[in-house]
Structure formats: C-alpha cells, structure tokens
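Notes follow once the structure below has been shown.
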Amino acid sequence: MKISVIGAGYVGLVTASCLAELGHSIDLIEIDQEKAEMILAGISPINEPGLDDLLSKHISHNLRVITNYNEVHKSKLSFVCVGTPQMIDGNTDLSMIKAVSKSLGTALSMHDQDHVVIVKSTVPPGTTEGLISSIILGYTGDTENKIKFAMNPEFLREGQAITDFMNPDRIIIGCTEQYVGDTVASVYSGLNAPVMRTAPTVAEMIKYASNALLAMKISFSNEIGNICKRLDIDVYDVMRGVGMDHRISPHFLNAGVGFGGSCFPKDIMSLIKVAESLGENPVLLKSVIKVNEQQPLRMVEMLEKRAGPLAGKVVAVLGLAFKNDTDDVRDSRALPVIKELLRRGALVRAYDPLAIPNMSKIIPDIEYCESTAEALKDADVCLIMTEWPEFGELDCEFDLMRGKIIIEGRKILKCGRAEGICW
Ligand code: UDX
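This is the structure in structure tokens:
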C-alpha cells in the first residue's frame, strides 16, 4: 500500500521503517531539510537498535524521505506522527498537530482522492474528531465525504521500538466506519496481534490510561519501597511475590528513582489537565507524579545523611539517560538529581555510555567523563542513575574513589557495595 508518514521523530521514523519492512511503499514527510538529508544519507538522527539497518535496507527502495506534501494525495493513508510535547503549564502543545493538519488540508484540497488520516501522535481525547478533522475539512470542504479519520496509538518503548512495532500486544484502531477500520487493519496484516476496533476518543484514552497505569505501578512500587526500606524489608522480594498474581503481572514493579522519558511524565500531566478542564480533581494521578518528583530528591537527601554536607564534595553520577539503551535524557531522573546536587554546592562528574551529548546541551557546566573509571577516580561519593547493564558489573572500579558511599537509584549492581534508594 502507498502510505505517507508525517514526522521523522522517534515514532515516525520507526513507523516508516517498519511499514517499509512490512512491504508497503512509504513516503516519510519531514519538513526539516537537514534531518531529511541525514536520513536519506542512511544516518538515523536517533539511537534505536535495528533502525539503521532498516533505513539502509529500504531507503531509495520503498522508503522515500521528502520535505513537502505535494504528493500526499497519491497515498491511500497518512499517519500523523508529530510530537505533542508538554507546555510549561502542563497542558499539551498541539501546535505541530495543527500545522500538519493545515498542510494536509491544503494539499488534499487540490485533489479529489479518497484518503484516510490516521493519528498516531498521543493526543487528548477528542482531538482526532474535533481539532484535526475540522482543520483538514475546513480546507478541503470535502463535500463528497472522501477524507476519513482514524486514531491508532503507538505503544513503542524506546530502545525496543522496532521489536515492539513488529510484535505488538494489541493494535487499537479508533474510527467510526467499518471499511475505514478494515483499511487501517490491512496495513498490519503481516503482524500477529489482536486488533481492537473502537471509537477514536476511546483509542485516544486507551493510550493515556495505559501509560497512567504503568506509571502508577512504578510510583506504587516506589512508595512501597520507601516504607520497606524503613522496615529493613527488600522491596524487590516483596514485588516478586506481588507480581506472581496473574491479575497484577511481574512487569513494571521495579522500585527506584522513578520514571522518566518522553511519554509517562507528559502524558500523565496531560491527562491531569484534561481532567481539571472538566472540573475533576484526579488525586490518584497527581500522586503518581508527586511520588515521581520526590524520589530523586530523596536520593540526594539520603546521600547527604550518609556523607554529610555536599558542598565541595565530588559526586560521581553514573547514568544520564532516562533508561538504558537510549541517548534520550527527556525527563531523566538524573536531571533533578544533578540540579539538586549543584544547588547544594557539590561538584558533579558524570558518565553515560550514550547520553552525554544530549545532557551537556541541558546542563553544560558539569564535568563529563569518558569512562566510569574517570568519573569514579577520587570521587567522594557515587550515585547510580540509569540501569545500564555495564554498570551491573562494576566492582573494583569503586576502589578508585576517595570515599565509600554508593547509592543506587536503579537496582543494577551485582557486587553488593551500594545502598538502594528504597531497598
Ligand atoms: C513508555 C511506554 O512503555 C510505551 O508503551 C509508550 O509508548 C511510551 O512510554 P518508554 O518511555 O520508552 O516507553 O520507556 P519504559 O521502558 O516504559 O520506561 C519508562 C521509565 O520508567 C524509565 O525511566 C524506566 O527506568 C522507568 N521504570 C520502568 C521504572 O522505574 N520501573 C519499572 O519497573 C519500569
């Protein structure tokens, strides 16, 4: 099928490459010329295992990268994959969604083709049928009812996005007409996954509710962990037992310094704002965020309790990415920790296998090291912030430190020389 994918961010790039792998003919529309050229040269602007291989396999064959909407009407479908970041007040920034709708509407108004616009971006309930369709139909007029809309959320984890795309737990298709749903479902006919058909607003809400529930599992584990620590009980043993109940499942119960990344913090905040705009006070969702904001500060407080005032102390921070296998530092728990360390006058030395270039754009004035050994040498204390497997093997490297205090925000060290934030 000929398909346009709009936006070459995490979701768009992975979607375009995987749809090409499934045998479709893809036009990836990216208005940033520099980014488009990079992808055309086979260089992925993001670090995602397996993506480079898919790009080099399909670019110039069945995956084109283009910087305008001139030929979008030749595609049967277009997937909207642009970002919906969080604004300072917590509301969702829909400016990129609006800009794409305008461009799509303008391009489609010049032709007379059937077309399905499929929203993959995470958007507040009502956006597909309200904002997006009204902007596009405002341009096209669409008296013959040729343009249809669907909502098809993504559930891709960074670092595993290609595997997640190819092996989904479920495919959610929100649309109002049976044959539109059939067309969207046929895109995925090469995958072995249950398909749920529903209304667009339900599909939009499924994405928010899924992320909120997963984030809640993490904040719940963290809160139980904070209590367990006081009672000298290992929260990992507790959660292993809890997770054996099939109604709960063993996944996403790892206590630690909290969740980061491009989805959980912003999506839960967006859902809170949606609720508040309706006159609701979603206390449970607010608590999920509150626990997540407190955990990093607890870590610094614990460090000060063990090591004394942090002013002038050299703190080795291992891990900057919001999780392992990514260079993404968006909402990483290392951010509030480093800011608090600096506020307390500590000297921060940081190492991460991938995320130093991204972190140094946000916090330029700390010392970045090329190895764990360099970060640990003569450090007074050490904080472990990301679950990189290579940190799990550290042991004698800690002998390079001046002091002995090591605190883990992720349970990863095998040598048993660290104290856990809540275990
Ligand atoms: C998440 C969702 O999993 C995905 O379905 C959605 O589409 C986008 O958001 P992602 O942000 O890539 O994916 O990462 P994920 O693996 O879910 O981890 C998010 C954060 O939670 C990380 O900071 C991770 O360290 C933390 N986490 C995860 C925990 O603290 N404990 C856990 O048990 C699991």
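So the sequence shown is numbered by the working numbering: it starts at 1 and just counts up by one.
From the three backbone atoms N, C-alpha and C, an ideal C-beta is built for every residue, glycine too.
Query: Under 8 Å between C-beta atoms of K305 and D380; Result: no
Query: Beta-carbon separation (whole angstroms), K323 vs G159, contact threshold 8 Å; Result: 7 Å
Query: Under the three-state DSSP convention, the category R349 falls into; Result: strand
Query: Pair within 8 Å by beta-carbon distance, V14 and L51; Result: yes
Query: Check: G319 C-beta below 7 Å from any heavy atom of the ligand UDX; Result: no
Query: Integer-rounded CB distance, given that I39 should sit under 8 Å from A430; Result: Because the chain here runs from 1 to 423, residue 430 falls outside it and cannot be looked at.
Query: Rounded straight-line distance, which links the Cα of N192 to that of P353; Result: 35 Å
Query: Beta-carbon proximity check, L285 vs L271, cutoff 8 Å; Result: yes
Query: Status (buried if at least 16 other CB within 10 Å, exposed otherwise) for S33; Result: Before going on, a small fix: residue 33 reads as Gln here, not Ser. Flag for Q33 reads exposed.
Query: Proximity of C228 and P200 at Cβ, strictly below 8 Å; Result: no
Query: For V82, the three-state DSSP class (helix, strand or coil); Result: coil
Query: Three-way DSSP call (helix, strand, coil) for H111 in this model; Result: coil
Query: Distance CB(T372)-CB(R410) smaller than 8 Å; Result: no
Query: Reference K207, options E280, M1, M151, closest by Cα; Result: M151
Query: Buried/exposed call for K290, threshold 16 Cβ in 10 Å; Result: exposed
Query: Assigned secondary structure, S219 (DSSP; H/G/I helix, E/B strand, else coil); Result: helix
Query: Any non-hydrogen atom of the ligand UDX closer than 7 Å to E408 Cβ; Result: no
Query: Segment contact, 8 Å Cβ cut-off, at least three pairs: the region 337-356 with the region 72-83; Result: no
Query: Local conformation of K377 per DSSP, three classes; Result: coil
Query: Complete runs of the beta strand (DSSP E) confined to the region 353-406 [at least 3 residues]; Result: 381-384
Query: For S4: DSSP bridge partner residues; Result: D27, S78
Query: Paired residues, beta bridge with G174 - DSSP; Result: M151, T198
Query: Residues sharing a beta bridge with A316, DSSP; Result: R349, C382
Query: Assigned exposure category for Q295 - 16 Cβ within 10 Å defines buried; Result: buried
Query: 8 Å Cβ cutoff met for A275 and A311; Result: no
Query: Burial state of M299 (16 or more Cβ within 10 Å); Result: buried
Query: CA nearest to the CA of M216, picked from E177, R240, F264; Result: F264
Query: Contact test: E390 Cβ vs the ligand UDX heavy atom, cutoff 7 Å; Result: no
Query: CA nearest to the CA of S221, picked from S4, G12, C422, K404; Result: C422
Query: Cβ-heavy atom distance, G241 to the ligand UDX, below 7 Å; Result: no
Query: Beta-carbon spacing of I147, L131 below 8 Å; Result: no
Query: Three or more C-beta pairs below 8 Å linking the region 172-191 and the region 241-250; Result: no
Query: Proximity winner among S332, F252, L278, S121, relative to N95 (alpha-carbon distances); Result: Note on identity: in this sequence residue 95 is Ser, with Asn being the wrong assignment. It is S121.
Query: Any non-hydrogen atom of the ligand UDX closer than 7 Å to L94 Cβ; Result: no
Query: Residue closest to D365, alpha-carbon to alpha-carbon, out of E374, R349, L376; Result: R349
Query: Element boundaries [beta strand (DSSP E), containing V65]; Result: 63-66
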